[in-house]
Amino acid sequence: APGAAELVEELDVPVVVAACDVADRDALRALLEEYPPNAVVHAAGVEAFSPLAEQDPADFARVLSAKVAGAANLDELVGEVDAFVLFSSIAGTWGAGGQGAYAAANAYLDGLADSRRSRGLAATSIAWGAWADGGMATEGDAEEHLRARGIRPMAPGRALTALRRAVGSNVGVLTVADIDWERFAPLFTSVRPSPLLRDLPQVRQALSAAPAGDSGVVARLTALPEDEQRRVLLELVREQVAAVLGGEQLVESGLAFKELGFDSLTAVEFRGAIGTATGLKLPATLVFDHPTPAVLAEHLRSELVGTRPEALSAEVALRVDEPIAIVAMACRFPGGVASPEQLWDLLEQGRDAMTGFPTDRGWDLANIYDPDPEHEGTSYVVEGAFVDDVSGFDPAFFGISPREALAMDPQQRLLLETSWEAFERAGIDPVSLRGGQVGVFAGTNGQDYLDLLPRIPDGLEGHVGTGNASSVLSGRVSYTFGLEGPAVTVDTACSSSLVALHLAVQALRSGECSLALAGGVTIMATPGAFVDFSRQRGLAVDGRCKAFAAGADGTAWGEGVGMLLVERLSDARRNGHEVLAVVRGSAINQDGASNGLTAPNGPSQQRVIRTALAGAGLSASDVDVVEAHGTGTALGDPIEAQALIATYGQDRTTPLLLGSVKSNIGHTQAAAGVAAVIKAVMAMRHGIVPKTLHVGEPTHEVEWSAGLVDLVTENVAWPETGRVRRVGVSSFGFSGTNAHAILEAANSDFEGSPPSPLGGGIPEEVVPVVPVVLSGRTPEALRAQASALLDHPADLLDLGYSLAGRTRMEHRAVLAVTDDLRAELEAVVNGDSTPAAEGRLAFLFTGQGSQRVGMGRELYEAFPVFAEAFDAVAALVEVRDDCLD
6 APGAAELVEE LDVPVVVAAC DVADRDALRA LLEEYPPNAV VHAAGVEAFS
56 PLAEQDPADF ARVLSAKVAG AANLDELVGE VDAFVLFSSI AGTWGAGGQG
106 AYAAANAYLD GLADSRRSRG LAATSIAWGA WADGGMATEG DAEEHLRARG
156 IRPMAPGRAL TALRRAVGSN VGVLTVADID WERFAPLFTS VRPSPLLRDL
206 PQVRQALSAA PAGDSGVVAR LTALPEDEQR RVLLELVREQ VAAVLGGEQL
256 VESGLAFKEL GFDSLTAVEF RGAIGTATGL KLPATLVFDH PTPAVLAEHL
306 RSELVGTRPE ALSAEVALRV DEPIAIVAMA CRFPGGVASP EQLWDLLEQG
356 RDAMTGFPTD RGWDLANIYD PDPEHEGTSY VVEGAFVDDV SGFDPAFFGI
406 SPREALAMDP QQRLLLETSW EAFERAGIDP VSLRGGQVGV FAGTNGQDYL
456 DLLPRIPDGL EGHVGTGNAS SVLSGRVSYT FGLEGPAVTV DTACSSSLVA
506 LHLAVQALRS GECSLALAGG VTIMATPGAF VDFSRQRGLA VDGRCKAFAA
556 GADGTAWGEG VGMLLVERLS DARRNGHEVL AVVRGSAINQ DGASNGLTAP
606 NGPSQQRVIR TALAGAGLSA SDVDVVEAHG TGTALGDPIE AQALIATYGQ
656 DRTTPLLLGS VKSNIGHTQA AAGVAAVIKA VMAMRHGIVP KTLHVGEPTH
706 EVEWSAGLVD LVTENVAWPE TGRVRRVGVS SFGFSGTNAH AILEAANSDF
756 EGSPPSPLGG GIPEEVVPVV PVVLSGRTPE ALRAQASALL DHPADLLDLG
806 YSLAGRTRME HRAVLAVTDD LRAELEAVVN GDSTPAAEGR LAFLFTGQGS
856 QRVGMGRELY EAFPVFAEAF DAVAALVEVR DDCLD
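In this note's numbering, the protein residues as written are 6 to 890.
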């Protein structure tokens, strides 16, 4: 070995150097027979620094061989000796990143020492820290790497003293290392707790030694306005981030520390720097608890200035009957529907969205159809209603890797997209909600995407669980947007999304959240639903829902996603949000012991309707229209119709108008309830009740004359009743869970909807130039947005106003449009962009003379005051070289 000859020369005793692979049992036996020992010191080691996932069995065996196989052979072959010393490592005591095999090998040595001692044999295993002046810890940059993590190399003299004491003691396993506990312990426990380190008194003392606070910092902050406090603290956080990471660019305040490049080491270093600057005692988990610079700056402000949120007031907690405003809606439904407006166009035009099975999902279309309902594994229906381009997802937009996106159920992806749209449609920047008490209530009725994953390339194992768990449907939205209100996934089958709305209403009224997303999603990744219901003979042969029709012969499967943004009506008024409609009341119940597990129950449906009306403080005659569950089944529709006649059909002067959106887009399952709500809201706003398709004549199984209920088979104007428009919405799950909601138009006595931000319309000639603001995460996204707007029919003022309220992303273009919007957009489509830097804005008012080329440079050279002011600004913001010209 290197240095062996020099060592022999230094020693005053006879020495024999004999080479032998101790992992080779036969070679070791021969060596020991030639040189029988009375003591053994086993100090072998093989360096291996790589994550366990990147090691193959051969690499792992190579690391274990020298330590484990060699020690095992020595133990067996030498038997009783005066001393049996094993050089172990701290990697086996408390673990070490990238040293999984090495840690396991050393842990074996510690176990072997215990084993020998239990057999009455001498053994000492010493888990060493780093030695200075030689050994594996001094190779390359290993010493610097260890010091940064709180492990200081030991002087050899001190280490040898410890070795002599250890061998002479009665201790079998011990650790000898020089540790900087104040650095090591917070770093090591920053991601996970460590019972071992928690019990070390030195660590507890080090962690409790942080300064208690700096009244000077607090005094300086409290003297500033709130906005300045936030700015000062955000700049402090950015400066420390740049210092720790070694960067010079301005740190974006909304990026997570993980995305900025933090690891556990830099997180602890950063925490120390922030603690020193503010005088606060901060936890080692600082960047995990407050994941972006902006969030951390706000936390520091709350700690320094005392702006912690107050407890929930009794006033909020007791708003049990306040109407809940729907302030935004977003959706994807069959027929190319990508917005509530497009859904309304489809309904008003009476279009049928049913098509053949999709060709982009890998279904075995050649063999899936068989007209025989008894033929297993097939469907006797070959049509349904499907969402276009369910794979068209931009993971980078949401900070998701392509690999994780591939493992994600498309239902999660669509919920993310529609949630973002719902926020923006309400004029809310989704980024601004991070850390807010915003709830997410998402309906689902199954996840079959997991059935496809065996066909997806390897490497997705770490994402499959979260990508397909039903609980993560709501949790994914909350996590992505940083929402801290309730996150609940609801599965009551077909009533899921209306139940989700009911729960959101309850949470808002109880004060659990101040804003909530409520909706549902179903995407059929496989044809399993068609196959299953074919065996049950539950599907219409022609693939059409004939709601309440004499020809009803089963349901027709559809899919979709819808998301509503709801808040308390008083909050909507105060926040200036447009109120699309109001939820006056809602209720849920269960069929109980009905005539079969999945059979509907008329009395239970009547009870849920009456409970919702009572909660709304209304009588049945106060409601004009019911958007029914209406699945087109021969059993379910008559039961539902009789329940409606018994409740809404009595004591009326004008007929209750009845319809079902399923006749247009099929039974969208967990999204059925939210589809019905969007239809109802749009119908109230347009004053039209759309027709229900495929009726022919109403079912003969219902005694329609027992009440005043009309099935709408042609578009009709909203009844002129002299009262506010109201709709009842029903959704019943085959789980037996029933839901009913009462919606009210926004112009009711309860609603003082704010005026349009444009003041009811501004003549275009009053605004000679309209700024049209575009932004995207990438240059391609920016160009795509400009391309999508090329043929946009919207009024220029409305377009400019709407786009100005959207989230400002990294790549931006601001078009100063006078009359030719198309030409400006084409320039963006054909151009390129660079990311916008986040910073402060400064204006320089130069007065007369700024129109002269070089005026600024002349001022700079002639007037020191001007030059000093200019330099001060240039030090704070990025100034172009030609700015003085």
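Just so it is clear, CB atoms sit at the ideal spot from N, CA and C, and this is done for glycine as well.
Item	Value
C-beta atoms of residue 378 and residue 539 nearer than 8 angstroms	yes
Contact between the stretch 435-453 and the stretch 508-528 (3+ Cβ pairs under 8 angstroms)	yes
Limits of the unbroken alpha helix (DSSP H) element including residue 479	476-486
Closest by C-alpha distance to residue 106, when choosing among 574, 68 and 336	68
Cβ shell of residue 880 (< 7 angstroms), same chain only, five flanking positions each side left out	none
Helix, strand or coil at residue 442 according to DSSP, with G and I counted as helix	coil
Cβ-Cβ distance between residue 561 and residue 470 below 8 angstroms	no
Continuous beta strand (DSSP E) stretch holding residue 334: start and end	329-337
Residue ranges of each alpha helix (DSSP H) within the stretch 547-578, 4 or longer	none
Cβ neighbour criterion (16 or more within 10 Å) applied to residue 430	buried
Pick from 647, 739 and 698 that is closest to residue 708, judged by C-alpha positions	647
Three-pair Cβ contact test at 8 angstroms for the stretch 350-365 versus the stretch 685-700	yes
Distance, residue 784 Cα to residue 792 Cα	12 angstroms
Validate contact between the stretch 676-691 and the stretch 739-753 using beta carbons, cut 8 angstroms, 3 pairs	yes
The beta strand (DSSP E) enclosing residue 86, as first and last residue numbers	Element bounds for residue 86: n/a, residue is neither H nor E.
Backbone CA spacing between residue 263 and residue 551 [nearest angstrom]	53 angstroms
Candidates 132, 672, 567 and 488, of which the one nearest residue 543 by Cα	672
Candidates 874, 827 and 782, of which the one nearest residue 401 by Cα	782
Test item: CB-CB of residue 133 and residue 161 under 8 angstroms	no
Neighbourhood of residue 70 by C-beta distance below 7 angstroms, restricted to the same chain and skipping five residues each side	28
Of the listed residues 333, 118 and 172, nearest to residue 901 (C-alpha basis)	Shown here, the chain extends from 6 to 890; a query on residue 901 therefore has no answer.
Residues that residue 234 bridges to, as DSSP identifies them	For residue 234, which the question treats as bridged, DSSP gives no partner whatsoever.
Where the beta strand (DSSP E) containing residue 658 begins and where it ends	Where residue 658 is concerned, there is no enclosing beta strand (DSSP E), given that its DSSP letter is neither H nor E.
Alpha helix (DSSP H) segments (min. 4 residues) lying fully within the stretch 338-405	345-353
Local Cβ density within 10 Å of residue 204, reported as buried at 16 or more and exposed below that	Interpretation of residue 204 is limited by its pLDDT of 47, a score under 50 that renders its predicted location unreliable; the figure taken from the coordinates is listed afterwards. That one is exposed.
Alpha helix (DSSP H) segments (min. 4 residues) lying fully within the stretch 33-87	62-69 and 75-83
Span of the alpha helix (DSSP H) around residue 650	641-652
Residue nearest to residue 409 in terms of C-alpha spacing, selected from 451, 391 and 464	464
Cβ neighbours of residue 829 in the same chain (closer than 6 angstroms, five flanking residues each side left out)	820 and 822
C-alpha distance - residue 320 paired with residue 516, whole-angstrom precision	With a pLDDT of only 46 at residue 320, under the threshold of 50, the placement of this residue in the model should not be trusted; the figure read from the coordinates follows. Rounded to the nearest angstrom, the two C-alpha atoms are 9 angstroms apart.
Three-state class that DSSP yields for residue 528 in the structure shown	coil
Start and end residues, alpha helix (DSSP H) containing residue 805	801-809
Segment contact, 8 angstroms Cβ cut-off, at least three pairs: the stretch 609-625 with the stretch 529-538	no
Residue 211 versus residue 185: straight-line alpha-carbon distance, rounded	Note that residue 211 scores a pLDDT of 36, beneath 50, so its modelled location is shaky; the value from the coordinates is reported in the next line. So the alpha carbons of these two residues sit roughly 9 angstroms apart.
Span of the alpha helix (DSSP H), counted from its first residue to its last, around residue 129	No alpha helix (DSSP H) contains residue 129, which is instead part of the beta strand (DSSP E) from 129-133.
Presumed contact (8 angstroms Cβ cut-off) between residue 597 and residue 644, rounded CB distance	So it is not a contact: roughly 14 angstroms between Cβ atoms.
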